[in-house]
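Q:
2 protein chains.
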Amino acid sequence: MEKNIEISLLFDFYGQLLSDKQHEAVMLYYNDDLSLSEVSDIMGITRQGVRDLVKRSEAELYEYEEKLGLYRRFEEVGNSARTIRTLAERILSSDTDSEKLASEIIEIADKLYEQEA
Amino acid sequence: MEKNIEISLLFDFYGQLLSDKQHEAVMLYYNDDLSLSEVSDIMGITRQGVRDLVKRSEAELYEYEEKLGLYRRFEEVGNSARTIRTLAERILSSDTDSEKLASEIIEIADKLYEQEA
Numbered sequence: 259m260e261k262n263i264e265i266s267l268l269f270d271f272y273g274q275l276l277s278d279k280q281h282e283a284v285m286l287y288y289n290d291d292l293s294l295s296e297v298s299d300i301m302g303i304t305r306q307g308v309r310d311l312v313k314r315s316e317a318e319l320y321e322y323e324e325k326l327g328l329y330r331r332f333e334e335v336g337n338s339a340r341t342i343r344t345l346a347e348r349i350l351s352s353d354t355d356s357e358k359l360a361s362e363i364i365e366i367a368d369k370l371y372e373q374e375a
Numbered sequence: 259m260e261k262n263i264e265i266s267l268l269f270d271f272y273g274q275l276l277s278d279k280q281h282e283a284v285m286l287y288y289n290d291d292l293s294l295s296e297v298s299d300i301m302g303i304t305r306q307g308v309r310d311l312v313k314r315s316e317a318e319l320y321e322y323e324e325k326l327g328l329y330r331r332f333e334e335v336g337n338s339a340r341t342i343r344t345l346a347e348r349i350l351s352s353d354t355d356s357e358k359l360a361s362e363i364i365e366i367a368d369k370l371y372e373q374e375a
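Okay, structure coming up:
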């Protein structure tokens with residue numbers, strides 16, 4: 259079984275929707291990066307039991323993202339934030355056309371705002 | 259029964275997590291702004307049945323927000339976007355200290371970026 263980096267990210271978003279047992283298994287396996295056997299010892303269930311819990315949790319986390327797409331939307335927020343930062347840095351570091359850069363910032367801010375709505 | 263404006267907003271975020279019947283009832287009652295009786299006619303269930311569906315949906319939507327807080331986070335994104343827009347407009351409309359304004363934009367963009375992480 260391979261660990262999937264995306265699961266940690268989706269877990270940050272939707273982890274609270276998992277059952278307590280699922281939450282614990284994914285936390286130990288992904289966030290604390292333990293092995294199935296180590297999680298098995300801690301939780302007092304079989305290694306196969308842990309594997310099943312984790313697999314089911316992975317499927318549910320993907321399903322939440324499929325339905326809600328909130329992780330993807332927040333990623334877009336992050337991209338916009340980075341672009342705004344870059345444009346503002348260029349205003350800071352040069353005497354070139356800050357009006358044009360400010361206009362670009364406004365355009366991105368407006369898209370961000372729509373994003374929220 | 260009073261209609262709650264917040265429900266429409268939460269429905270935009272978490273509506274896909276409701277059952278099909280709940281989804282339909284909330285859509286008709288909140289998004290299309292029909293009365294309980296009108297929804298009852300359309301869905302072919304009693305008025306009390308609609309009321310129960312809507313009440314249960316409202317509770318679930320609040321629970322999702324309680325657990326995930328994603329609506330609140332997106333609201334913060336919207337506030338940041340508006341502030342960035344205002345600052346950039348000031349760069350556009352005046353010859354006053356655009357460096358200071360750009361620095362403020364960077365600060366907000368950084369917080370937005372953390373928001374995403």
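Which chain is which? The protein sequence lines are A and B, in order.
FYI, in the working numbering the residues of the first sequence are 259 to 375.
FYI, in the working numbering the residues of the second sequence are 259 to 375.
Where a beta carbon is used, it is the ideal one built from N, C-alpha and C, also for glycine.
Could you list the residues in the segment 298 to 331 of chain B with a C-beta less than 8 Å from some C-beta on chain A, going in chain order?
A: Cβ contacts with chain A: 322, 325, 326, 328 and 331.
Q: Contact criterion: CB-CB distance below 8 Å. Does residue 350 of chain B meet it with respect to chain A?
A: As a working note, residue 350 of chain B is residue 92 in the second sequence. Yes, contact with chain A.
Q: Which residue from A:277, A:279, A:278 and A:308 puts its Cα closest to that of residue 292 of chain A?
A: Here residue 292 of chain A is taken as the residue at index 34 of the first sequence, counted from 1. Comparing Cα-Cα distances from residue 292 of chain A to each of A:277, A:279, A:278 and A:308, the minimum goes to A:308.
Q: Is residue 346 of chain B buried or exposed, if buried means 16 or more other CB atoms sit within 10 Å of its CB?
A: As a position in the second sequence, residue 346 of chain B is number 88, starting the count at 1. Buried, by the Cβ-count rule.
Q: Which class does residue 302 of chain A belong to by DSSP, given the choice of helix, strand or coil?
A: For the purposes of this step, residue 302 of chain A is taken as residue 44 along the first sequence, with counting starting at 1. Coil, per DSSP.
Q: Please identify the residue among B:350, B:316, B:369 and B:356 whose C-alpha is closest to the C-alpha of residue 340 of chain A.
A: As a working mapping, residue 340 of chain A is identified with position 82 in the first sequence. Taking only the C-alpha atoms, the option nearest residue 340 of chain A is B:369.
Q: To which residues of the same chain is residue 338 of chain B closer than 6 Å at the C-beta, ignoring the five residues directly before and after it?
A: On the second sequence, position 80 is the one that residue 338 of chain B refers to. Cβ within range, chain order: 366 and 370.
Q: Does residue 327 of chain B pass the burial test, meaning 16 or more other C-beta atoms within 10 Å, or should it be called exposed?
A: Stepping through the second sequence from its first residue, residue 327 of chain B is reached at position 69. The residue is exposed, with fewer than 16 neighbouring Cβ atoms inside 10 Å.
Q: Give, in chain order, every residue of the segment 264 to 285 of chain A whose Cβ lies closer than 8 Å to some Cβ of chain B.
A: So the close ones are 271, 272, 274 and 275.
Q: In its own chain, which residues sit with a C-beta less than 6 Å from the C-beta of residue 348 of chain B, not counting the 5 before and 5 after it?
A: By 1-based counting over the second sequence, the position of residue 348 of chain B is 90. Answer for residue 348 of chain B: 359, listed in chain order.
Q: Just tell me which of A:279, A:312, A:302 and A:350 has its CA closest to the CA of residue 266 of chain A.
A: On the first sequence, position 8 is the one that residue 266 of chain A refers to. Nearest of A:279, A:312, A:302 and A:350 to residue 266 of chain A, Cα basis: A:312.
Q: Assuming the contact rule is C-beta atoms closer than 8 Å, residue 314 of chain A and residue 280 of chain A should be a hit. Round their C-beta distance to whole Å, please.
A: Translated into positions along the first sequence, residue 314 of chain A becomes position 56. Translated into positions along the first sequence, residue 280 of chain A becomes position 22. Right, the Cβ-Cβ distance comes to about 7 Å (below 8 Å), so this counts as a contact.
Q: Could you confirm whether any beta carbon from chain A is found closer than 8 Å to the beta carbon of residue 371 of chain B?
A: Counted from its first residue, the second sequence places residue 371 of chain B at position 113. So, interface residue.
Q: Tell me, to the nearest whole angstrom, how far the beta carbon of residue 335 of chain B is from that of residue 297 of chain A; I am working on the premise that it is less than 8 Å.
A: Position 77 of the second sequence, counted from the start, is the residue given in the question as residue 335 of chain B. Position 39 of the first sequence, counted from the start, is the residue given in the question as residue 297 of chain A. The Cβ separation is near 35 Å, so there is no contact.
Q: Just to confirm before moving on: does the CB-CB distance between residue 325 of chain A and residue 288 of chain A stay below 8 Å?
A: As a first step, residue 325 of chain A must be located in the first sequence, where it is residue number 67. As a first step, residue 288 of chain A must be located in the first sequence, where it is residue number 30. Their beta carbons are not under 8 Å apart, which means residue 325 of chain A does not touch residue 288 of chain A by this criterion.
Q: Roughly how many angstroms lie between the CA atoms of residue 278 of chain A and residue 268 of chain A, to the nearest whole one?
A: In the first sequence, residue 278 of chain A corresponds to position 20, counting from 1. In the first sequence, residue 268 of chain A corresponds to position 10, counting from 1. Taking the straight line joining both Cα atoms gives about 16 Å.
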